[in-house]
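Colleague: Mapping the sequence shown onto this note's numbering, position 192 (from 1) lands on 548, and the numbers just tick up by one.
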Amino acid sequence: MITLKGADVSARIKEEVQDALEKLDGIVPQLAIVRVGENPDDVSYERGATRRMEKFGLGVRSFVFPADISHEAFREAFVKINQDPEVTGILLLRPLPKQIREKDIMQVMDPDKDLDGICQGNIARVFAGDESGFAPCTAEAVVEVLKANRIPITGKRVTIVGRSMVVGKPLSMLMLKENATVTICHTRTADLKAACKNAEILVAAAGRAKMLDAEYVGKGAIVLDVGINVDENGKLCGDVDFDSIHNVASMATPVPGGVGAVTTAVLAKHLLRAALRKSKEQK
Ligand code: NDP
């Protein structure tokens, strides 16, 4: 089984980003990371995204708000960030605390700055197969892993375990756009094992530690693991029992170091796209 490493994919994306940067005549795109509260997952993602932007030569600034900020105060601050001409793109870390009405915040967000594809305008474009929209970075990272490794998608049976708006649903649309035949599974799927085993490309995005073992994988299948979980020993692991699938799968992404390592590279790519679009509009 070949291990598909996220670092190799990110290195390719870095080259693309660097080429695109040259077209910007010295303008450095700026990412605004917006975080409310001190959720450790958010802090860790923010750290990873910041490091990635710096490595790619892009600007990044964090805007951090207290967990108990009122909806009105946060909305006002968010509108300012959104309207700031210095801000090329925004990463809003979610979920937001309960008192903040996410839908309302998404409505004020400029779709052209919404790099993680969370607002309605981008969701609609992704579902319409319109490439001008930003897809959620993690969903797109899965497609990037396949493309960077020259794995054909057209006509393939793709099974996705998970139907969230962050991964499963948008990814199913991206796969359809690539002409795959897509099956989406969830907690009510009657025969998960059969649906997974039938897949030529299997994507796990359920958030359940090591739930998919060799019995769920068809001979020669390509397995992409989006899950980020902690196992019984406190170690980071995916939704796939990586060690068990060695003799069945032909290729698979590890956790950590697989799809997750590509997500912030896609974010950087989106930032460049936003900057190029803006610079074209200004010409
Ligand atoms: P959600 O909890 O929002 O969604 C999980 C989905 O998986 C749901 O649709 C759920 O079904 C389905 N599911 C859960 N358990 C089972 C099961 N036993 N059998 C079949 N389906 C199941 O998670 P997210 O989509 O936000 O994230 C999924 C995973 O991806 C997580 O581990 C998360 O940490 C990771 N992730 C990684 C990112 C990265 O790499 N940067 C970014 C985002 C997420 P139902 O709808 O029926 O409840």
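The beta carbon of each residue, even a glycine, is placed where N, CA and C say it ideally should be.
(1) CB-CB under 6 Å to A536, same chain, minus the five flanking residues each way: which ones, in chain order?
(2) Alpha carbon to alpha carbon, what distance is there between P453 and F490?
(3) If you reduce the DSSP assignment to three classes, tell me which class S635 lands in.
(4) Q455 by DSSP, collapsed to three states: which one?
(5) Please report the straight-line C-alpha distance between Q374 and S366, rounded to a whole angstrom.
(6) With distances taken from CA atoms, which of C552, S606, T494, L628 is nearest K525?
(7) Below 7 Å, is the gap between the Cβ of H542 and the nearest heavy atom of the ligand NDP?
(8) Does the ligand NDP have a heavy atom nearer than 7 Å to the CB of T545?
(9) Contact between the segment 398-416 and the segment 425-436 is defined here as three or more beta-carbon pairs at a separation below 8 Å; is this criterion met?
(10) Quick check: the Cα distance between V482 and M529, rounded to an integer number of angstroms?
(11) Could you tell me if the beta carbon of V373 falls within a distance shorter than 7 Å of some heavy atom in the ligand NDP?
(12) Between the beta-carbon of G477 and the beta-carbon of L387, is there less than 8 Å?
(13) List the endpoints of the continuous alpha helix (DSSP H) containing S400.
(14) Please name the residue in A562, S606, H602, A577 whose C-alpha comes closest to that of N585.
(15) Check L628 in the structure and name its three-state DSSP category.
(16) Indicate whether the contact test is met: 3 or more Cβ pairs, each with one atom in the segment 546-564 and one in the segment 461-468, closer than 8 Å.
(17) How would you write the range of the beta strand (DSSP E) that I560 sits in, first residue to last?
(18) Helix, strand or coil: which one does DSSP assign to F430?
(19) What residues in its chain sit with their C-beta under 7 Å from that of I540, if we drop five residues either side in the sequence?
(20) So, for K411: in the same chain, excluding its five sequence neighbours on each side, which residues have a beta-carbon less than 8 Å away from its beta-carbon?
(21) Does A577 come out as helix, strand or coil in the three-state DSSP assignment?
(22) Closer than 7 Å by C-beta to A617: which residues in its own chain qualify, once you throw out the five before and the five after it? Chain order, please.
Modeller: The relevant details are as follows:
(1) The residue given as residue 536 occupies position 180 in the sequence shown. Correct list, in chain order: I509, K512, V514.
(2) Working through the sequence shown from its first residue, we reach residue 490 at position 134. Working through the sequence shown from its first residue, we reach residue 453 at position 97. The alpha-carbon of F490 is positioned some 24 Å away from that of P453.
(3) One-based indexing of the sequence shown puts residue 635 at position 279. Residue state, collapsed to three classes: helix.
(4) For the purposes of this step, residue 455 is identified with residue 99 of the sequence shown, where counting begins at 1. Q455: coil per DSSP, three-state reduction.
(5) By one-based count along the sequence shown, residue 374 stands at place 18. By one-based count along the sequence shown, residue 366 stands at place 10. Those two C-alpha atoms are separated by around 12 Å.
(6) As a working mapping, residue 525 is identified with position 169 in the sequence shown. Ranking C552, S606, T494, L628 by Cα distance to K525 puts T494 first.
(7) One-based indexing of the sequence shown puts residue 542 at position 186. True, at least one ligand heavy atom lies under 7 Å from that Cβ.
(8) Taking the first residue of the sequence shown as 1, we reach residue 545 at position 189. Flag set: Cβ of T545 near the ligand NDP.
(9) no
(10) Position 126 of the sequence shown, counted from the first residue, corresponds to residue 482. Position 173 of the sequence shown, counted from the first residue, corresponds to residue 529. Approximately 7 Å, taken between the alpha carbons.
(11) Position 17 of the sequence shown, counted from the first residue, corresponds to residue 373. Checking the Cβ of V373 against the ligand NDP gives no.
(12) For the purposes of this step, residue 477 is identified with residue 121 of the sequence shown, where counting begins at 1. For the purposes of this step, residue 387 is identified with residue 31 of the sequence shown, where counting begins at 1. No. Outside cutoff.
(13) As a working note, residue 400 is residue 44 in the sequence shown. Per DSSP, S400 belongs to the alpha helix (DSSP H) from 396-411.
(14) In the sequence shown, the residue the question calls residue 585 occupies position 229. It is A562.
(15) Counting from 1 along the sequence shown, the entry for residue 628 is found at position 272. The answer is helix: DSSP assigns L628 an H, G or I state.
(16) no
(17) As a first step, residue 560 must be located in the sequence shown, where it is residue number 204. The question names Ile, yet the displayed sequence has Ala at residue 560. 557-560 is the extent of the beta strand (DSSP E) around A560.
(18) Position 74 of the sequence shown holds residue 430. Here F430 sits in helix by DSSP.
(19) Taking the sequence shown and counting its residues from 1, one reaches residue 540 at position 184. Only I516, R519, G524, S528 meet the Cβ criterion.
(20) As a working mapping, residue 411 is identified with position 55 in the sequence shown. Taken in chain order, the residues that qualify are K370.
(21) What you label residue 577 is simply residue 221 of the sequence shown in a count that begins at 1. In this structure, A577 counts as coil in the three-state DSSP scheme.
(22) Looking up residue 617 in the sequence shown gives position 261. Within the same chain, A617 has close Cβ partners G362, A363, S366.
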